[in-house]
Every structure is written in structure tokens, then in C-alpha cells.
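Asker: One structure follows; several queries about it will come next.
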Amino acid sequence: MNIEERIQQAAIEAVKTLYGVEPEKKSVQLQKTRAEFEGNLTLVVFPFVKIAKKKPEEVGEEIGKELVEHSGIVSAYNVVKGFLNLSIADNAWREMLAAINADEHFGEKKATEESDLVMIEYSSPNTNKPLHLGHVRNNLLGWSLSRIMEANGHKVVKTNIVNDRGIHICKSMLAWQKYGNGETPETSGKKGDHLIGDYYVAFDKHYREEVKKLMAQGMDEEKAKQETPLIKEAHDMLVKWENNDPEVRALWARMNEWVYAGFDETYKMMGVGFDKIYYESQTYLEGKEKVEEGLEKGIFYRRDDNSVWANLTEDGLDEKLLLRSDGTSVYMTQDIGTAKLRYQDYPIDKMIYVVGNEQNYHFQVLSLLLDKLGFKWGKDLVHFSYGMVELPNGKMKSREGTVVDADELMAAMIEDARRTSDELGKNADMTEEEKQEIARIVGLGALKYFILKVDARKNMLFNPEESIDFNGNTGPFIQYTYARIRSILRKAAEQGIEAKCTDIALAQKEVDLIQKINEYAAVVAQAGTDYSPSGIASYCYELTKQFNQFYHDYSILNADTDEQKQFRLLLAQNVAKTIKNGMALLGIEVPERM
Ligand code: ARG
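Residue numbers for the sequence shown follow this note's numbering, beginning at 12 and rising by one.
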């Protein structure tokens with residue numbers, strides 16, 4: 012039983028002893044005592060006023076006295092209006108820290124056989140270009156959310172839908188055929204996804220020239236865009252692809268392999284991964300089938316031009332196209348097919364889609380359609396909708412101007428971290444390998460923390476310089492504090508001082524720190540219900556700040572007595588553990604030295 016549960020139990024008994032009535036458990040409301048009052052936990056007295064038939068102040072006094080005399084866990088009390096502020100006895104705090112220490116993953120739950128299964132989709136790139144800053148935010152959120160759901164005792168399946176077919180990839184393929192001279196990742200030394208991205212850009216360049224030419228001949232822009240030879244060829248290619256033309260399919264397969272190899276490198280560097288990847292080329296036909304099924308059941312209808320629609324006007328939305336008149340599928344059809352395959356593969360209880368907020372409407376519609384089609388998780392599917400992320404103007408712009416490449420960004424962050432460490436000189440005695448490993452951890456930590464600390468729904472600017480500051484609300488600040496504690500622990504070990512729970516009288520700041528570590532459990536639970544990586548980030552920052560204040564005021568290795576040294580080491584060790592676990596929920600590593 013933790014302290015709150017023990018107090019709750021004791022309060023129920025006190026009320027029963029004093030007034031002869033056993034109050035309901037939920038009437039015992041405890042909150043953290045406000046900083047201006049003495050105490051740790053505050054009991055709200057009002058619910059017992061009726062039972063006692065006395066004034067709130069009097070009831071507070073009586074319950075307080077009873078708790079001090081008989082609970083064995085309350086050492087003092089004071090009453091402010093209807094609030095009973097309780098000071099918890101030192102031994103209870105010591106026991107609490109010992110219990111926290113005994114659990115390597117204190118505050119986190121483990122999935123069991125009975126846990127429900129949460130599937131989380133994130134990343135979901137198109138295969139015509141490399142990942143960019145928007146994907147970085149997506150991937151970090153998706154990964155963190157998966158870790159948070161796991162820490163809340165859910166079974167989690169991380170998934171990805173790769174949009175590997177369609178006109179976009181045909182454009183890259185066509186440009187490569189025309190202008191590529193057989194270039195491959197091997198011959199060019201380029202990452203496969205970058206190579207394909209370059210041909211997508213090349214397509215666009217030539218295409219625009221053609222549009223211009225047609226317009227110069229007097230064609231209006233709309234028409235010119237449809238009529239250029241290049242776009243027509245790309246469309247022909249897509250038709251060939253749909254008809255399983257062996258040559259087109261072979262080229263498509265080959266170029267996609269290059270792209271996937273490139274993506275894999277990016278994911279690996281970012282520290283994210285998936286349990287099961289789906290490909291649009293394999294799901295879109297399933298979607299068609301499911302739509303036909305809905306048509307038979309009268310959920311959808313066919314228009315005279317042979318197109319298939321869902322009428323969602325009664326649900327407050329509009330009409331939604333599901334199959335074009337030529338029978339080809341649209342984006343929504345693919346999502347229905349993917350849902351079908353996923354549900355065949357896993358007994359999904361909850362589905363979370365991590366996708367940008369420009370697709371809010373799409374997921375509103377998808378939820379309704381899946382529900383109508385009988386998916387039990389359709390109605391309550393979660394669209395984890397996040398805002399845009401941009402760089403402040405002029406910083407690390409990629410060649411195209413506005414798109415920031417994920418690989419370049421990560422490499423730049425690592426370089427910055429290395430430069431900062433070199434300048435501070437703290438890494439002077441490390442091997443080159445160690446320096447580089449720490450730069451990787453710190454550079455990526457700066458990037459990840461800066462993005463994840465922001466409420467996902469908000470648009471944001473990623474400021475590289477600010478993110479890597481060793482002071483302030485940054486990843487490196489938290490990582491540095493972790494490394495500092497680890498260094499204290501190493502020193503203690505050298506001096507033969509053990510971290511352990513001793514019987515010392517506790518200072519207020521020690522109690523506060525124990526209470527803060529204990530809060531981790533509630534923070535993880537809250538982040539799970541709110542789907543909130545930023546809640547975890549704030550907590551890590553607060554804990555770090557609080558430890559630093561404590562360490563500023565109190566010595567650990569130079570404390571007066573051995574018992575104090577041992578106890579404070581235990582405290583520091585559990586702060587470090589909790590920072591490490593919390594940061595892991597954000598996908599951020601912490602260094603042993605820095
Ligand atoms: N590939 C799509 C895009 O880049 C995002 C896919 C989102 N996921 C989904 N199930 N629709 O816009």
C-alpha cells in the first residue's frame with residue numbers, strides 16, 4: 012500500500028471511531044498540500060461534516076488528532092478552514108523510497124494476458140521522397156505514444172502503412188527512366204530514398220517547363236497541367252502498374268527496395284521501429300472488396316456514372332467518394348482495406364492513428380465508415396492529430412528551400428552536440444568513439460525533447476540552437492543532470508559508500524523529492540489517458556530541476572554522517588532511475604557521462 016492508500020484507510024477508520032459511521036472510500040479526498048502550508052497531504056473535511064454534525068474546523072481538529080494518535084503514519088497536522096493538512100511521518104517516506112528502489116520500473120505497468128491490444132500507426136510515408144521534419148515529429152510522437160501505452164499495461168503493436176503505389180511513385184520512376192542513365196544507390200553513393208526524391212524533383216522541373224511551353228502556345232493553365240506529355244506518360248505508367256505490366260512492376264519493385272533501405276537507415280538513427288508494416292499495394296484491393304460488401308449491404312450506393320459513395324449527411328458530414336467511376340480506389344478505400352487486414356492479423360481493441368491535423372476530416376469520415384462496416388473499434392478510433400513543425404527561417408534549409416530533410420537534420424544536431432561538448436572541454440579525456448557516441452545521444456536527445464515537450468496539437472518551430480542549450484527546459488539539461496548523478500554514484504562506489512535506506516531524520520527537501528519521484532506513477536497514468544508525451548517531458552524537467560535545487564542546498568558525499576550519505580545516495584539513485592525511465596518513454600537515451 013502506498014502512503015495515500017494508507018492515509019485513506021486511516022481516515023476511514025478515524026471517522027468511524029469518532030462518529031460511528033463508516034464513510035465511503037470515494038468521500039476521502041486527498042490532495043498534495045499547497046506550498047504555503049505545513050504538511051504533505053491534505054484531507055478535504057467537508058464530506059464528513061454531515062456525519063459529524065459539527066463545524067468543518069472542529070471536524071478537522073478531531074480527525075487530525077485521531078490520525079496522529081492512532082494511524083502510525085501521520086506525525087503532525089494543522090487545519091485551514093475545511094482542509095486538514097497532514098505531515099507524514101519520516102518512516103513512511105523512508106519506506107516509500109525503499110519500495111520505489113526495489114522496482115526498476117517503478118510507476119510503470121506490464122501487459123498481461125488480459126491486457127487490451129492497442130495498435131498504433133505512425134510514420135506512414137509515401138515512397139517518392141525521403142522523410143522530412145514533419146515525419147520526424149510524427150515518428151517521435153508515435154514511438155513515444157507506444158512506449159507510454161506499454162507503460163500503462165497495454166499490449167502494443169506498432170504499425171506503419173507505406174503508400175507505395177500511385178501517381179507520385181510513377182513520377183519518380185518515369186524521371187529515372189528518362190534522365191537517370193541507370194543510376195543506382197551503389198553507383199551514386201546516395202541513400203536510396205534521396206536518390207528517388209531527386210528524381211521526383213527532376214520530374215517536377217521538366218513537367219513545369221512543359222506546362223510553361225503549352226501555356227506559351229495559348230493553352231490555359233488548368234488544361235496545360237493535364238496535357239503535358241510527361242503527366243500523360245506518368246498516368247499511362249500507373250495504368251500499366253495496375254494491369255500488372257511486368258516491366259513496370261519490376262522497375263517499381265526495384266526502386267521501392269532502394270527507398271526502403273533508405274528509410275530503414277533513417278528509422279534506425281531515429282531509434283524507432285515497427286512490429287508490422289503494411290503496404291498500400293497490398294491493401295487497396297482489399298479496400299475495394301470491403302466497399303463492394305458495403306454496397307451489397309446497402310451502406311453505400313452507386314451513382315449513374317458507376318462511382319460508389321457513402322452518404323454521411325445524417326452524421327453531419329457530406330458525401331464521400333469510395334470508388335471512382337472507372338472502378339479505381341481512392342485514399343479512403345485504401346484505409347478501409349488496411350483496417351480489414353490489420354483486424355485479420357490482430358485482435359485490435361483500440362486503434363490510434365498518428366497523422367497530421369490536415370487529415371482531421373479524413374479520420375472523422377474513416378471512423379464513421381469503419382463503424383458502419385462493423386469494425387468494433389471503428390467508432391472510438393483515435394486520430395492522434397498533431398500540428399505542423401517548421402524551422403525558424405534561414406536555419407538548416409535544405410536545397411529545395413522549405414523541406415527539411417530528416418537525415419540532414421539529425422546529422423546537424425549530432426554535429427552541434429559534438430561542437431558544444433568540444434568547446435566545453437568536458438569530453439577531453441574520452442576516446443574518439445566515446446565522444447561521438449555521446450554527441451549522438453545528446454544531439455538526438457536535444458531534437459527529440461524539444462519536439463516532444465510541445466503539446467502535439469500545436470504548431471511549432473523547432474529551434475536547433477535553443478534545443479541544445481545545456482541549461483533550461485532541454486533534453487541536454489536533463490541528460491546532464493542524469494550523468495552528474497551517475498558520476499556521484501561512481502565516486503561513492505570508489506569510496507565504498509553504499510546507497511541504502513537509513514534511519515535519518517528527513518529534511519523537507521528530501522521529503523519533497525521522494526514525493527516527486529512517487530508522482531511518476533500518476534504522471535505515466537495521466538499521459539496514458541491523455542495520449543500525452545508532453546506530460547512526461549514536463550515531469551522529467553520538474554524532477555531534474557528539483558533534484559538540482561536539492562543538490563545545491565545539500566551535500567551528498569560530503570554530508571555530515573554516513574547514514575545521511577547513504578540515504579541521499581539512495582535518493583539520487585532513484586531520481587536518476589526515474590529520469591532514465593521517463594526519458595525512455597520519450598525515446599530519449601541518457602549518457603553515463605557527458
Ligand atoms: N502517406 C500519407 C501521407 O503522406 C499518410 C498516411 C496516413 N495514414 C493513414 N492510415 N491514412 O499523407
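Idealized CB from N, CA, C, for every residue including glycine.
On a Cα-Cα basis, can you pick out the residue from L241, L52, L380 that is closest to G389?
Answerer: Nearest of L241, L52, L380 to G389, Cα basis: L380.
Asker: Return helix, strand or coil for K287, following the three-state DSSP convention.
Answerer: Three-state result, K287: strand.
Asker: Take F48 as the anchor and find which of F57, V90, H81, I84 has the nearest alpha-carbon.
Answerer: Nearest of F57, V90, H81, I84 to F48, Cα basis: V90.
Asker: Would you report the Cα separation of A264 and K202, rounded to the nearest angstrom?
Answerer: About 16 angstroms.
Asker: Apart from the five residues on each side of it in sequence, which residues of its chain come closer than 8 angstroms, Cβ to Cβ, to K66?
Answerer: For K66, where only same-chain residues beyond five positions count, the Cβ hits under 8 angstroms are V60.
Asker: Would the C-beta of D286 count as close to ligand 1, meaning under 8 angstroms from any of its heavy atoms?
Answerer: No, the Cβ of D286 stays beyond 8 angstroms of every heavy atom of ligand 1.
Asker: Between E238 and D315, what straight-line distance do the alpha-carbon atoms span, to the nearest angstrom?
Answerer: Rounded to whole angstroms, E238 to D315 spans 27 angstroms at the Cα level.
Asker: Residue ranges of each beta strand (DSSP E) run of no fewer than 3 residues wholly in the segment 284-324, ordered along the chain?
Answerer: Whole beta strand (DSSP E) segments, 3+ residues: 287-290, 319-322.
Asker: Using 10 angstroms around the beta-carbon of A457, count the other beta-carbons present and answer buried if the total reaches 16, otherwise exposed.
Answerer: So A457 ends up on the buried side.
Asker: Taking 9 angstroms as the CB-CB limit, is E119 close to chain B?
Answerer: The structure shown contains no chain B; it is built from a single protein chain.
Asker: Does the beta-carbon of L435 have 16 or more other beta-carbons within 10 angstroms, so that it is buried, or is it exposed?
Answerer: With fewer than 16 other Cβ atoms within 10 Å, it is exposed.
Asker: Under 8 angstroms, with one C-beta from each stretch per pair, do the segment 568-576 and the segment 242-261 reach the 3-pair mark?
Answerer: Too few Cβ pairs lie closer than 8 angstroms, so no.
Asker: Could you give the first and the last residue of the continuous alpha helix (DSSP H) run that contains S549?
Answerer: Where S549 is concerned, the enclosing alpha helix (DSSP H) stretches over 544-564.
Asker: May I ask whether a heavy atom of ligand 1 can be found less than 8 angstroms away from the beta carbon of V129?
Answerer: Because no heavy atom of ligand 1 lies under 8 angstroms away, the Cβ of V129 does not count as near it: no.
Asker: Tell me the rounded alpha-carbon separation between N137 and D175.
Answerer: Approximately 6 angstroms between the Cα atoms of the pair.
Asker: What residue ranges within the segment 88-135 form continuous beta strand (DSSP E) runs of no fewer than 3 residues, ordered along the chain?
Answerer: Correct list: 94-99, 128-132.
Asker: Which of the three DSSP states is assigned to K408 in this structure?
Answerer: The pLDDT assigned to K408 is 49, lower than 50, so where the model puts this residue is not dependable; a value taken from the coordinates is nonetheless given after this. In the structure shown, K408 sits in coil (DSSP, three-state: anything other than H, G, I, E or B).
Asker: What does DSSP give as the partner residue(s) for N171 in the beta ladder?
Answerer: N171 is bridged to I288.
Asker: Among K37, L29, G200, which one has its Cα closest to the Cα of E16?
Answerer: The shortest Cα separation from E16 among K37, L29, G200 belongs to K37.
Asker: Please classify K308 as buried or exposed, where buried requires at least 16 neighbouring CB atoms within 10 angstroms.
Answerer: Counting Cβ neighbours within 10 Å, K308 comes out exposed, since fewer than 16 surround it.
Asker: Could you tell me if the beta carbon of Y136 falls within a distance shorter than 8 angstroms of some heavy atom in ligand 1?
Answerer: In the sequence on display, residue 136 carries Pro and not Tyr. At least one heavy atom of ligand 1 is nearer than 8 angstroms to the Cβ of P136, so yes.
Asker: Distance check for F481 and Y354, CA to CA, integer angstroms please.
Answerer: Near 46 angstroms, if we compare the C-alpha coordinates of F481 and Y354.
Asker: Answer yes or no: do L249 and G298 have a C-beta to C-beta separation smaller than 9 angstroms?
Answerer: Their beta carbons are not under 9 angstroms apart, which means L249 does not touch G298 by this criterion.
Asker: Quick one: give me the first and last residue of the beta strand (DSSP E) that I363 is part of.
Answerer: Counting along the chain, the beta strand (DSSP E) containing I363 begins and ends at 361-367.
Asker: In angstroms with no decimal places, state the Cα-to-Cα distance between I590 and G75.
Answerer: The straight-line gap from Cα to Cα measures roughly 35 angstroms.
Asker: Can you say whether Y372 is buried or exposed, counting buried as having 16 or more other CB atoms within 10 angstroms of its CB?
Answerer: Burial call: exposed.
Asker: Please determine whether the Cβ atom of D416 lies at a distance below 8 angstroms from any heavy atom of ligand 1.
Answerer: No; taking the cut-off as 8 angstroms, the Cβ of D416 has no heavy atom of ligand 1 nearer than that.
Asker: Within 10 Å of its beta-carbon, does K64 have 16 or more other beta-carbons around it, so buried, or fewer, so exposed?
Answerer: Looking at its Cβ environment, which holds fewer than 16 other Cβ atoms inside 10 Å, K64 is exposed.
Asker: Classify T397 as helix, strand or coil using the three-state DSSP reduction.
Answerer: For the record, residue 397 in the displayed sequence is Tyr; it is not Thr. DSSP places Y397 in strand when its eight states are reduced to three.
Asker: For D101, verify whether its CB is less than 8 angstroms away from any heavy atom of ligand 1.
Answerer: No.
Asker: From the DSSP secondary-structure annotation, give me the bridge partner or partners of H246.
Answerer: In DSSP, H246 forms no bridge with anything.
Asker: CB-CB under 8 angstroms to H146, same chain, minus the five flanking residues each way: which ones, in chain order?
Answerer: The residues are S134, P136, A417.
Asker: Do you know whose CA, among R495, I288, L128, I131, lies nearest R604's CA?
Answerer: Taking only the C-alpha atoms, the option nearest R604 is R495.
Asker: Going by DSSP, what residue range makes up the beta strand (DSSP E) through L41?
Answerer: 41-43 is the extent of the beta strand (DSSP E) around L41.
Asker: Any idea which residues DSSP pairs D480 with across the strands?
Answerer: The partner list for D480 (beta bridge, DSSP) is empty, contrary to what the question assumes.
Asker: Name the DSSP bridge partner or partners of H143?
Answerer: Per DSSP, D416.
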